[in-house]
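First comes the structure, then the notes that go with it.
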Amino acid sequence: MLPIRPLNNENNNAVASLLINQASLSVAAELGAFLSEKVRHWQPEVIVGLPTLGLSLAPTVSQGLGHSRYVPLGYSKKFWYEEQLSTPVSSITSPGLGIKRIYVDPH
Numbered sequence: 029m030l031p032i033r034p035l036n037n038e039n040n041n042a043v044a045s046l047l048i049n050q051a052s053l054s055v056a057a058e059l060g061a062f063l064s065e066k067v068r069h070w071q072p073e074v075i076v077g078l079p080t081l082g083l084s085l086a087p088t089v090s091q092g093l094g095h096s097r098y099v100p101l102g103y104s105k106k107f108w109y110e111e112q113l114s115t116p117v118s119s120i121t122s123p124g125l126g127i128k129r130i131y132v133d134p135h
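In this text, residue positions in the sequence shown follow the working numbering: the first is 29, and each later residue adds one.
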């Protein structure tokens, strides 16, 4: 069973907490296969993996859909990144960290 964690110490908003990067490989593979089937009818052209936990599932979902690649996003700005290929984001599980930026590698 997944732990249910209240958001921002609120009584009426919570999330089920699955830290997929700490799950067994077989659980991650099964969940990736399940997600592939759930999104297949939309015929996605690309799968984007958001850090940190989405990067654990994006490769498996992409493979399950027959894709040879996926697009990994990152919080760490490399010197070759372009600011116009970023956007501000915040986390529901780490609200105290404020706004940070998420980047896509232009290459």
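Don't be surprised by glycine CBs; every beta carbon is placed ideally from N, CA and C. In this text the structure is predicted, and so the values were computed from the model without any measurement.
Whole-angstrom distance between Ile130 and Leu78, CA atom to CA atom: Computed Cα separation, rounded: 8 Å.
Would you mind reading off the limits of the beta strand (DSSP E) that contains Leu85? No beta strand (DSSP E) contains Leu85, which is instead part of the alpha helix (DSSP H) from 82-92.
With Ile75 and Ala61 assumed to form a contact (beta carbons below 8 Å), what rounded beta-carbon distance in angstroms separates them? Contact between Ile75 and Ala61 fails: their C-beta atoms lie close to 13 Å from each other, not under 8 Å.
Nearest-angstrom Cα distance between Leu8 and Asn36? Since the first residue of the chain shown is 29 and the last is 135, residue 8 is not available in this structure.
Could you check the C-alpha separation between Ser119 and Gly94 for me, to the nearest Å? Between Ser119 and Gly94, the C-alpha separation is close to 30 Å.
Would Pro134 and Leu113 qualify as a contact pair, given that the criterion is a beta-carbon distance under 8 Å? In this structure, Pro134 lies near Leu113, with their beta-carbon atoms less than 8 Å apart.
Helix, strand or coil: which one does DSSP assign to Tyr35? For clarity, residue 35 is Leu in the given sequence; the question names Tyr instead. Leu35 carries a coil assignment under DSSP once its states are collapsed to helix, strand and coil.
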